[in-house]
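The listed protein sequences derive, respectively, from chains A and B. The opening residue of the first sequence carries number 9 in the working numbering; numbering runs sequentially from there. The opening residue of the second sequence carries number 9 in the working numbering; numbering runs sequentially from there.
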Amino acid sequence: DQQVKQNSPSLSVQEGRISILNCDYTNSMFDYFLWYKKYPAEGPTFLISISSIKDKNEDGRFTVFLNKSAKHLSLHIVPSQPGDSAVYFCAAKDFGNEKLTFGTGTRLTIIP
Amino acid sequence: EPEVTQTPSHQVTQMGQEVILRCVPISNHLYFYWYRQILGQKVEFLVSFYNNEISEKSEIFDDQFSVERPDGSNFTLKIRSTKLEDSAMYFCADRGRDSPLHFGNGTRLTVT
Chain A
9 DQQVKQNSPS
19 LSVQEGRISI
29 LNCDYTNSMF
39 DYFLWYKKYP
49 AEGPTFLISI
59 SSIKDKNEDG
69 RFTVFLNKSA
79 KHLSLHIVPS
89 QPGDSAVYFC
99 AAKDFGNEKL
109 TFGTGTRLTI
119 IP
Chain B
9 EPEVTQTPSH
19 QVTQMGQEVI
29 LRCVPISNHL
39 YFYWYRQILG
49 QKVEFLVSFY
59 NNEISEKSEI
69 FDDQFSVERP
79 DGSNFTLKIR
89 STKLEDSAMY
99 FCADRGRDSP
109 LHFGNGTRLT
119 VT
């Protein structure tokens, strides 16, 4: 089941620069997308979401962009901080279903 | 901030034994879920529970699995006869009517 893909297993970014995490999906029924952050030995923590009626949503340092025609979303973190080092998962769901489908995650490392 | 609480943090059991994983959701949240993550793999949906019944379940959630909300506060996942391949992190999650999923910190289940 590869409906949600994060093709970069890891990413290293200098502190203060922009981090861009990418996610692709194949199921055109998905209409709601979320980003979660996960530290070791903890559960995923919700960061930001976007519905398919929008193409951008912003919350502080975090911005999610959705390109429906390309079935692609991205998470921008600016400026990146050391505490942002974690594994980031994108997830998607379609209207009427409860199930979230997760990507495999990208490990982000912020270099001081 | 209210949290989803899971106990125990680590459970070791022998193959064929029954295990019960426990979760205390955030009060006034109405929708409850179990997800799992096998080491090195994706976070996978198991089951959703609303209004005292299962609303959706995945193919993983076979007859060996059951969920219950016995006393209006705890939400439990029971595995009747554990198999080696049930070893994973099990995450409880919940949400309010229009909010994203909040996850607990997980129970690491090790089946030997």
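Just so you know, even glycine gets a beta-carbon here, dropped at the ideal spot from N, CA and C. No experiment lies behind these values; they were computed from the predicted model shown.
7 Å Cβ cutoff met for residue i and residue j
i: B/Val119; j: B/Leu92; result: yes
i: B/Arg44; j: B/Leu29; result: no
i: B/Ser63; j: A/Glu106; result: yes
i: A/Ser82; j: A/Glu23; result: no
i: B/Asp102; j: B/Ile34; result: yes
i: A/Leu55; j: A/Phe73; result: no
i: A/Val12; j: A/Gly111; result: yes
i: A/Ser57; j: B/Pro108; result: yes
Where residue i meets chain A, residues with beta-carbon distance less than 9 Å
i: B/Ser95; result: Result: empty, since nearest Cβ-Cβ is about 16 Å, beyond 9 Å.
Amino acids of chain A, ordered along the chain, whose beta-carbon sits closer than 7 Å to that of residue i
i: B/His110; result: Phe54
Contacts of residue i in chain B (Cβ-Cβ under 7 Å)
i: A/Gly51; result: Phe99, Phe111, Gly112, Asn113 and Gly114
i: A/Asn105; result: Glu64
i: A/Phe41; result: Here the premise fails: no neighbours, minimum Cβ distance about 11 Å.
i: A/Thr112; result: Lys50
i: A/Phe97; result: Val51
Option in the options with minimal Cα separation from residue i
i: A/Ser20; options: A/Asp92, A/Asn105 and A/Ser57; result: A/Asp92
i: A/His84; options: A/Met37, A/Ser27, A/Leu42 and A/Asp63; result: A/Ser27
i: A/Gln10; options: A/Ser18, A/Ala100, A/Tyr47 and A/Leu116; result: A/Ala100
i: B/Asp71; options: B/Ile46, B/Arg105 and B/Glu26; result: B/Glu26
i: B/Asn59; options: B/Ile46, B/Phe69 and B/Asn36; result: B/Asn36
i: A/Phe120; options: A/Ser18, A/Arg25, A/Gln14 and A/Val12; result: Reading off the sequence, residue 120 of chain A comes out as Pro, not Phe. If we check each option's Cα against that of A/Pro120, A/Arg25 comes out closest.
i: B/Ile46; options: B/Phe111, B/Phe99 and B/Ser95; result: B/Ser95
i: A/Ser77; options: A/Gln14, A/Asp102, A/Asp32 and A/Ser16; result: A/Asp32
i: B/Glu61; options: B/Glu76, B/Tyr98 and B/Glu67; result: B/Glu76
i: B/Thr90; options: B/Asp106, B/Met23, B/Leu117 and B/Ile68; result: B/Met23
i: A/Ser36; options: A/Val86, A/Asn15 and A/Asn75; result: A/Asn75
i: B/Gln1; options: B/Ile87, B/Ser56, B/Ser66 and B/Gly104; result: Residue 1 of chain B lies beyond the stretch modelled for chain B, which goes from 9 to 120, so this question has no answer here.
i: A/Thr109; options: B/Trp42, B/Ser17, B/Thr21 and B/Pro16; result: B/Trp42
i: A/Val86; options: A/Lys79, A/Gly68 and A/Phe103; result: A/Gly68
i: A/Pro90; options: A/Phe38, A/Tyr47 and A/Asn30; result: A/Tyr47
i: B/Leu117; options: B/Ser66, B/Ser81, B/Phe69 and B/Phe99; result: B/Phe99
i: B/Tyr39; options: B/Gly48, B/Cys31, B/Val32 and B/Ser56; result: B/Ser56
i: B/Phe83; options: B/Val32, B/Pro16 and B/Gly104; result: B/Val32
i: B/Pro16; options: B/Asp106, B/Met97 and B/Arg105; result: B/Met97
Under 9 Å from the C-beta of residue i: neighbouring residues of chain B
i: A/Thr34; result: Here the premise fails: no neighbours, minimum Cβ distance about 14 Å.
i: A/Ser2; result: A question about residue 2 of chain A goes unanswered here, because the residues of chain A that appear run from 9 up to 120.
Within chain B, the residues that residue i reaches when beta carbons sit closer than 8 Å
i: A/Leu83; result: Ordered by position in chain B, no residue passes the 8 Å Cβ test against A/Leu83, which lies about 14 Å from the chain.
Cross-chain neighbours of residue i in chain A, by beta carbon under 8 Å
i: B/Ser56; result: Glu106 and Lys107
message: Does the stretch 28–48 of chain A come into contact with the stretch 95–114 of chain A, if we say contact requires no fewer than three beta-carbon pairs (one atom in each stretch) closer than 8 Å?
response: yes
Is there contact between the stretch 9–19 of chain B and the stretch 105–114 of chain B, where contact requires at least three CB pairs shorter than 8 Å? yes
Query raised in the report: Quick one: any contact between the stretch 54–72 of chain A and the stretch 109–117 of chain A, if contact means 3 or more CB pairs under 8 Å?
Result: no
| Segments of 4+ residues assigned as alpha helix (DSSP H) that fall wholly inside the stretch 59–101 of chain A | none
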